[in-house]
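Protein chains in written order, with the numbering used here: chain A, 1 to 269; chain B, 270 to 538.
Cβ coordinates follow ideal geometry from the N, Cα and C atoms, glycine included.
From a predicted model like this one, the values you see are computed outputs, not experimental measurements.
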């Protein structure tokens with residue numbers, strides 16, 4: 001694109017506060033942008049900033065024609081209403097795909113969202129590239145967050161899987177997961193999914209990234225998924241590790257969404 | 270409302286062509302409006318009308334402050350793109366709840382749509398009024414249409430059911446339905462759900478309205494649901510008949526959505 005039309009895609013990130021995990025996610029995204037030639041910029045706002053400060057940062061990125069994607073790093077501090085902030089982000093620059101208009105178009109048949117949320121898109125991409133058949137297979141999604149569980153279940157349905165959604169109210173979730181050919185878990189509970197939760201040969205995608213104390217590690221903690229890997233790896237036909245499984249795919253899809261957005265703006269194909 | 274502020278809610282319906290079923294649905298809606306004191310009006314357009322004619326009717330109802338709800342009777346003739354027509358309907362008057370923004374807000378946690386689609390809303394209302402517990406129960410939704418299956422599955426999840434969505438690609442759907450405490454079917458296939466598809470004591474809501482030939486009936490056909498009623502009634506703890514089950518609830522919810530819309534406009538509580 002740079003050679004063809006002298007333009008590069010641009011990604012803007014709004015970060016509020018100094019959560020350690022958010023800072024690390026944002027740093028990874030910036031580094032990935034630099035690697036592939038996407039211009040990136042960050043608005044770092046203080047933890048106690050007002051809603052108007054966030055909206056101000058949003059509208060200045062919105063007005064900037066060199067910015068093709070804007071993302072608000074979640075979670076926001078308690079005093080800011082995520083829904084109200086995300087509503088202000090125009091669907092055309094919503095590279096995270098979290099705007100309700102994009103989510104509605106993802107859910108509805110015969111429609112196409114402008115952007116598909118990055119983590120779910122990365123999960124499906126991994127399945128497709130690994131040659132896992134989705135159509136007609138049973139899939140269980142554990143968790144129903146707006147960021148992962150919900151869009152993953154919608155996307156699996158788009159690919160014609162038979163989807164069951166398991167959550168905190170579900171009694172005996174293992175009876176549902178152990179029928180599934182594909183299990184995607186984003187519950188935020190370490191070691192939730194044990195070996196006996198899985199059907200032999202199932203494909204397991206672990207989206208959990210849970211910090212657990214570990215005095216032996218450099219920062220005093222390490223990241224673990226929702227799946228008891230040692231048990232699951234003996235039952236599953238394929239499984240993603242944590243860290244290093246879904247995370248890099250999420251970033252790749254963010255870059256891909258940003259590129260798509262720039263292509264759309266410049267009508268570049 | 271009429272006595273309090275001298276205003277009545279107004280509902281406008283756009284009908285294209287002369288499908289017998291659509292005409293009958295619209296007639297029922299108009300009669301229901303008249304019964305409860307909602308002003309109703311119909312724009313009847315010819316089968317071969319252009320997209321601009323439909324959009325013209327939409328925008329004139331949109332500009333009319335006495336109209337609080339607009340619905341486009343579906344299905345539209347093949348040459349009109351339903352999605353593009355519905356996109357033009359403002360979410361504030363979308364009493365059918367089919368706009369992607371309303372659907373996205375129905376799907377996402379922590380958000381509220383302005384309107385919930387009438388048939389799914391009617392199904393849940395029946396469950397609640399019949400004292401059927403939804404939270405933590407297993408629900409199977411058969412069919413994934415934008416009008417019924419999708420919003421029903423989203424709404425059941427809002428009420429904390431564990432939902433599985435069954436569709437044409439599902440292998441052995443009866444293995445899923447026979448685990449469900451609540452079965453909602455909107456597949457459009459007569460007698461699809463047999464007695465052995467159901468768990469004893471399940472609650473069954475039949476949204477199917479399929480015309481089947483019947484020389485003995487007045488019009489040469491009668492309406493039948495997706496459920497083999499004679500078999501299912503012996504297994505289920507509760508079941509809705511077709512006709513006369515979900516249909517009247519759909520109309521009641523349309524009136525309720527229209528009233529809610531007028532209340533919102535006039536800030537009347």
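- For residue 11 of chain A, the pairing in a beta bridge is given by DSSP as A/40 and A/69.
- For residue 109 of chain A, the closest Cβ of chain B is nearer than 7 angstroms.
- Buried is the label assigned to residue 121 of chain A, since at least 16 other Cβ atoms lie within 10 Å of its Cβ.
- For the stretch 341 to 428 of chain B, the continuous alpha helix (DSSP H) assignments of 4+ residues that do not extend past its boundaries occur at 351 to 357, 369 to 376, 387 to 398 and 418 to 427, in sequence order.
- Just measuring C-alpha positions, the residue of B/337, B/338, B/392 and B/380 sitting nearest residue 516 of chain B is B/392.
- Interface criterion not met: the Cβ of residue 534 of chain B is under 7 angstroms from no Cβ in chain A.
- Contacts with chain A at 7 angstroms (Cβ-Cβ) include residue 429 of chain B.
- Between residue 525 of chain B and residue 338 of chain B, the CB-CB gap reaches or exceeds 7 angstroms.
- Collapsing the DSSP output to three states places residue 172 of chain A in coil.
- Between the alpha carbons of residue 231 of chain A and residue 192 of chain A lies a distance of about 11 angstroms.
- When A/151, A/130, A/146 and A/159 are compared, the shortest CA-CA separation from residue 136 of chain A is found for A/159.
- For residue 242 of chain A, the closest alpha carbon among the candidates A/188, A/152 and A/93 is that of A/188.
- Residue 423 of chain B sits close to residue 375 of chain B, with the two beta carbons spaced by under 7 angstroms.
- Contact check for residue 345 of chain B against residue 351 of chain B passes: the beta carbons are separated by less than 7 angstroms.
- The three-state secondary structure of residue 35 of chain A, taken from DSSP, is helix.
- Membership of residue 206 of chain A in the beta strand (DSSP E) is indicated by the continuous run 203 to 206.
- Secondary structure at residue 162 of chain A: strand, using DSSP grouped into helix, strand and coil.
- Among the residues of chain A, those whose CB is under 7 angstroms from the CB of residue 435 of chain B are 162, following chain order.
- Between the alpha carbons of residue 57 of chain A and residue 12 of chain A lies a gap of roughly 10 angstroms.
- The beta carbon of residue 493 of chain B lies closer than 7 angstroms to those of 459, 479, 481 and 511 in the same chain, with the five residues before and after it left out.
- Listed along chain A, no residue sits closer than 7 angstroms to residue 322 of chain B by beta-carbon distance, the nearest being about 22 angstroms off.
- Residue pairing of residue 210 of chain A in beta bridges, as defined by DSSP: A/224.
- Distance from the Cα of residue 403 of chain B is smallest, within the candidate group B/454, B/386 and B/426, for B/426.
- For residue 458 of chain B, no beta strand (DSSP E) segment is defined, and its DSSP state is neither H nor E.
- Interface with chain B (7 angstroms Cβ-Cβ cutoff): residue 103 of chain A is included.
- Short of 8 angstroms from the beta carbon of residue 314 of chain B, and not among the five residues preceding or following it, lie these beta carbons of its own chain, in chain order: 283, 284, 285, 286, 322, 323 and 326.
- Considering only beta carbons, no part of the stretch 199 to 210 of chain A lies closer than 8 angstroms to chain B.
- If you look at residue 4 of chain A, you'll find it in the alpha helix (DSSP H) that goes 2 to 5.
- A distance of 7 angstroms or more separates the beta carbons of residue 412 of chain B and residue 386 of chain B.
- As DSSP reads the structure, residue 45 of chain A sits in a beta bridge with A/16.
- In the DSSP assignment, residue 183 of chain A forms a beta bridge with A/140 and A/204.
- By DSSP's assignment, residue 238 of chain A forms a beta bridge with A/203.
- Judged by beta-carbon spacing, residue 100 of chain A lies within the 7 angstroms limit of residue 377 of chain B, meaning their Cβ atoms are closer than that value.
- At a cut-off of 7 angstroms between C-beta atoms, residue 440 of chain B counts as an interface residue with respect to chain A.
- Nearest CB-CB separation between residue 188 of chain A and chain B: not below the 7 angstroms threshold.
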